[in-house]
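For my numbering, count along the sequence shown from 1 and bump the result up by 1.
Note that CB positions come from ideal geometry on N, CA and C, so glycine has one too.
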Amino acid sequence: MRVLVDTPIWSELFRRASPEPAVRESLRQLIEEGEAILIGAVRQEILSGVKEAKQFSRLRSTLRAFRDEPLVTADYETAAVFFNRCRSGGIQGSNTDFLICALASRLDVPIFTLDRDFEAFAQILPLQLIRFKG
């Protein structure tokens, strides 16, 4: 089963000194099976804030093993609809979060995240979540 992987999961594996074992193993399995989905905006978030040039270069090189899932115009339009729907319900989120939601909806795949905001989005939007409570 393909799974859209959110930034905190990738960061848990690639940027943490001691990643959560269950998260690490789940992502490792998705990667080995070729089922982990990455988008460009998440790639940018993972790489943003890396202070050391060597670490940035290593992380960029590692992430280049994963292709970005293509986004289409409808994904951006759906993300805006989702943003507006959630905002009307008193729920805020980032543009990247709503792009993730839109793509997951179009592909009919779950989102693997540690971000609690997605639980709020899922109260309003048609989302499937895989979440570890760590």
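How close, in whole Å, do the beta carbons of residue i and residue j come, if the pair is a contact with beta carbons under 8 angstroms?
i: Glu36; j: Val4; result: 6 angstroms
i: Ala123; j: Leu130; result: 6 angstroms
i: Ala103; j: Asp76; result: 5 angstroms
Opposite residue i in the DSSP bridges: which residues?
i: Thr137; result: As shown, the chain starts at 2 and ends at 135. That puts residue 137 outside it, with no answer to give.
i: Thr97; result: None, per the DSSP bridge assignment.
Considering only their Cβ atoms, is the gap separating residue j from residue i smaller than 8 angstroms?
i: Leu48; j: Ala80; result: no
i: Asp69; j: Arg44; result: yes
i: Cys87; j: Ile125; result: yes
i: Gln95; j: Pro127; result: The sequence given here places Ser at residue 95; Gln does not occur at that position. Cβ distance not < 8 angstroms, so Ser95 and Pro127 don't count as in contact.
Tell me whether residue i sits in a helix, a strand or coil according to DSSP, three-state version.
i: Arg68; result: coil
Buried or exposed for residue i, please, with buried defined as at least 16 other CB atoms from any protein chain shown within 10 angstroms of its CB.
i: Ser27; result: buried
i: Glu13; result: buried
i: Val73; result: exposed
i: Asp98; result: buried
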